[in-house]
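To keep things clear, I will list the structure first and then write my remarks on it.
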Amino acid sequence: MISIIVAMTKDRVIGRDNDLPWHLPEDLKNFKSLTTGNTVIMGRKTYESIPQKFRPLPNRHNIVISRSMPMAEGITVARSVEEAVIKAREIGKEAFIIGGGTIYRQSLPFTDRMYISYVAKDYEGDVRFPKFEEREWIVEREEKFDEFTLVVYTKNGT
Numbered sequence: 001m002i003s004i005i006v007a008m009t010k011d012r013v014i015g016r017d018n019d020l021p022w023h024l025p026e027d028l029k030n031f032k033s034l035t036t037g038n039t040v041i042m043g044r045k046t047y048e049s050i051p052q053k054f055r056p057l058p059n060r061h062n063i064v065i066s067r068s069m070p071m072a073e074g075i076t077v078a079r080s081v082e083e084a085v086i087k088a089r090e091i092g093k094e095a096f097i098i099g100g101g102t103i104y105r106q107s108l109p110f111t112d113r114m115y116i117s118y119v120a121k122d123y124e125g126d127v128r129f130p131k132f133e134e135r136e137w138i139v140e141r142e143e144k145f146d147e148f149t150l151v152v153y154t155k156n157g158t
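Numbers 1 to 158, taken from my numbering, label the letters of the sequence shown in order.
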């Protein structure tokens, strides 16, 4: 199963200056709970935005997509989204695409499920989540939190 996990504003803002524009502890807790024990797939910039002490993300198989990044301890390097998806499927656990914007856009065709945290407040940003055809997705569940609403989508027909 290939899943996307992302927090975004109603205007699809997901990042600013290679960081999150917000601090939502409940969303981070949810991210950790869902991804721990599974595979995470990310682009090089997302990997580099993670504080050094948390790299690679612990208790997860980390796949980093990069054409130039050398192999490093604790991560698997893939040269494309397609290669990352193949590697993740070989591992056999749920794989979570965790960013950034370009990786999300390239991953949508391979994605079976999306965990989207819709942030209640507006934030400025320079990276946006790609538009997707809502009719291609079914809302599996919705959970309201103080600062965001988590919506889980499943691809129609999967």
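We put the beta carbon where it would ideally sit given N, CA and C, even for glycine.
Looking at C-alpha atoms only, which residue of the options is the closest neighbour of residue i?
{"i": "residue 90", "options": "67, 63, 109 and 114", "result": "63"}
{"i": "residue 121", "options": "12, 3, 5 and 1", "result": "12"}
{"i": "residue 154", "options": "132, 65 and 101", "result": "132"}
{"i": "residue 36", "options": "51, 68, 79 and 93", "result": "93"}
{"i": "residue 74", "options": "85, 59 and 80", "result": "59"}
{"i": "residue 76", "options": "43, 53 and 107", "result": "43"}
{"i": "residue 98", "options": "23, 17, 10 and 28", "result": "28"}
{"i": "residue 45", "options": "100, 125 and 71", "result": "100"}
{"i": "residue 161", "options": "72, 54 and 84", "result": "Nothing about residue 161 can be reported from this structure: the residues present for the chain run from 1 to 158 only."}
{"i": "residue 109", "options": "137, 9 and 34", "result": "137"}
{"i": "residue 107", "options": "127, 82, 147 and 143", "result": "82"}
So residue i and residue j are in contact, right, with Cβ under 8 Å, and what is the actual spacing, rounded?
{"i": "residue 96", "j": "residue 5", "result": "5 Å"}
{"i": "residue 7", "j": "residue 39", "result": "The pair is not a contact, with the Cβ atoms about 19 Å apart (cut-off 8 Å)."}
{"i": "residue 2", "j": "residue 102", "result": "About 16 Å; that fails the 8 Å criterion."}
{"i": "residue 66", "j": "residue 19", "result": "In fact, because the Cβ distance is near 19 Å, the residues do not count as touching under 8 Å."}
{"i": "residue 125", "j": "residue 14", "result": "7 Å"}
{"i": "residue 151", "j": "residue 104", "result": "Contact flag wrong, Cβ pair sits at about 16 Å."}
From the DSSP output, which residues share a beta bridge with residue i?
{"i": "residue 15", "result": "127"}
{"i": "residue 1", "result": "Answer by DSSP bridge pairing: none, since residue 1 is not bridged."}
{"i": "residue 113", "result": "3 and 154"}
{"i": "residue 22", "result": "Paired residues: none, contrary to the question."}
Three-state secondary structure (DSSP) at residue i?
{"i": "residue 144", "result": "strand"}
{"i": "residue 28", "result": "helix"}
{"i": "residue 108", "result": "helix"}
{"i": "residue 102", "result": "helix"}
**OP:** Please specify which runs of the beta strand (DSSP E), each continuous and at least 3 residues long, are wholly inside the segment 31-99, giving them in chain order.
**Re:** 39-43, 61-65, 75-78 and 95-97
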